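Trainee: So in the numbering used here, spot 184 of the sequence shown is number 184, and the numbers just go up one at a time.
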Amino acid sequence: MAEWRPDAGLCVPVLNERDSLPSLLREIADALAGADYTVCVVDDGSTDGSAELVRAAAERDRRVVLLERRTKGSGCLRGAATRAGLEWLLAHTRHRVLVDFDADGSNLPSELEAGIRQVDLLGSDAAIASKYVPGSRVLGRPLGRRLASRAYNLALRLLMEPRIRDYSNSYRFYSRKAADLLLRFPAGYESPVYLVEMLAVWLANGLNVAELPTVYGDRRGGASKVVSLDFLRGLAGALSVGLAYRTGRYRL
Numbered sequence: 001m002a003e004w005r006p007d008a009g010l011c012v013p014v015l016n017e018r019d020s021l022p023s024l025l026r027e028i029a030d031a032l033a034g035a036d037y038t039v040c041v042v043d044d045g046s047t048d049g050s051a052e053l054v055r056a057a058a059e060r061d062r063r064v065v066l067l068e069r070r071t072k073g074s075g076c077l078r079g080a081a082t083r084a085g086l087e088w089l090l091a092h093t094r095h096r097v098l099v100d101f102d103a104d105g106s107n108l109p110s111e112l113e114a115g116i117r118q119v120d121l122l123g124s125d126a127a128i129a130s131k132y133v134p135g136s137r138v139l140g141r142p143l144g145r146r147l148a149s150r151a152y153n154l155a156l157r158l159l160m161e162p163r164i165r166d167y168s169n170s171y172r173f174y175s176r177k178a179a180d181l182l183l184r185f186p187a188g189y190e191s192p193v194y195l196v197e198m199l200a201v202w203l204a205n206g207l208n209v210a211e212l213p214t215v216y217g218d219r220r221g222g223a224s225k226v227v228s229l230d231f232l233r234g235l236a237g238a239l240s241v242g243l244a245y246r247t248g249r250y251r252l
């Protein structure tokens, strides 16, 4: 039997992350040495040279791809970037596992293989790098943000599935089956609320969603794209998704 090796397409949404991108791309290459992978960097209109940096990296390494979006909305469009990267990876690659990965350094490339293995070998349709399972650590986050995250996730656990502890972390791994299912539903949100919608679709249709321990760090450079108004809108949107889940809107 041939030795297993990771096979994955990574979606990395970017908006003004030039400071963290060089080390991130190096660390991904190190973590996936010997793997079959593609890194699809989805640039949402960066003005700091992020796109140019990725374009240069793509010229050196065919596994790196730059997807440039002409953004039309306002606020943090993390969800729309995720959807665009997902669609590109499904259309242009045959990777068995897809990964959603933050560009700001809060996600560790060293955890990639474990997440890919969980989906590709251990039978999960999707896996979340969860901040709230035993073995996880959260580093460098102010107390206020930690409390807000706890409250956000508690509300969603009450509305949706209590066994899922982290609805908000975007570091995720999923099969092509799970990705294809997402595309059968129109995206209701362009914001990070789409990450909650993804889980609503999977859970409503009986997919096997696992959670893995993670070390969640503070961003390495640049500034967060989420402001207070984004958080309030996001909370309202997430609660709306939770209520829609209870009424069966996300079931096929």
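Note that the Cβ used here is the ideal one computed from N, Cα and C, for glycine as well.
All values derive from a computational prediction rather than experimental measurement.
So if DSSP puts D43 in a beta bridge, which residue, or which two residues, is it bridged to?
Mentor: V14 and E68
Trainee: Y132 by DSSP, collapsed to three states: which one?
Mentor: coil
Trainee: Is the separation between the beta-carbon of E17 and that of D43 shorter than 7 Å?
Mentor: no
Trainee: Check each candidate in G115, V201 and V14 and name the one with the smallest Cα separation from G49.
Mentor: Nearest neighbour of G49 by Cα position, chosen from G115, V201 and V14, turns out to be V14.
Trainee: Would you say A129 and T214 are within 7 Å of each other, going by their C-beta atoms?
Mentor: yes
Trainee: Can you tell me whether S46 is buried or exposed? The criterion is at least 16 other CB atoms within 10 Å of its CB, across all chains shown.
Mentor: Buried: at least 16 other Cβ atoms inside 10 Å.
Trainee: Ends of the alpha helix (DSSP H) at L199?
Mentor: V193 to A204
Trainee: For F231, which three-state DSSP category applies?
Mentor: helix
Trainee: Relative to the alpha-carbon of D61, which residue among R157, P22 and G248 has its alpha-carbon at the smallest distance?
Mentor: P22
Trainee: My output table needs one value for D154: the three-state DSSP class, helix, strand or coil.
Mentor: Note on identity: in this sequence residue 154 is Leu, with Asp being the wrong assignment. Reduced to three states, the DSSP call for L154 is helix.
Trainee: Can you tell me the Cβ-Cβ gap for A178 and D125, rounded? I've got them flagged as a contact below 8 Å.
Mentor: 5 Å
Trainee: Rounded to whole angstroms, what's the CA-CA distance from A114 to P186? Just pull it up for me.
Mentor: When rounded, the distance between both Cα atoms is 30 Å.
Trainee: Considering only the beta carbon of each residue, do V133 and R165 sit closer than 7 Å?
Mentor: yes
Trainee: Are three or more beta carbon pairs between the region 190-197 and the region 233-248 nearer than 8 Å?
Mentor: A contact exists between the region 190-197 and the region 233-248.
Trainee: Could you name the residues of the same chain whose beta carbon sits closer than 6 Å to that of N208, not counting the 5 residues immediately before and after it, in chain order?
Mentor: S124 and D125
Trainee: Beta carbon of L212, beta carbon of A127: below 7 Å?
Mentor: yes
Trainee: Using 8 Å for Cβ pairs, my map puts D36 next to R5. What's the rounded Cβ distance?
Mentor: Their Cβ separation, rounded to whole angstroms, is 7 Å, which keeps D36 and R5 in contact under 8 Å.
Trainee: If you reduce the DSSP assignment to three classes, tell me which class A29 lands in.
Mentor: helix
Trainee: Please classify E190 as buried or exposed, where buried requires at least 16 other C-beta atoms within 10 Å of its C-beta.
Mentor: buried
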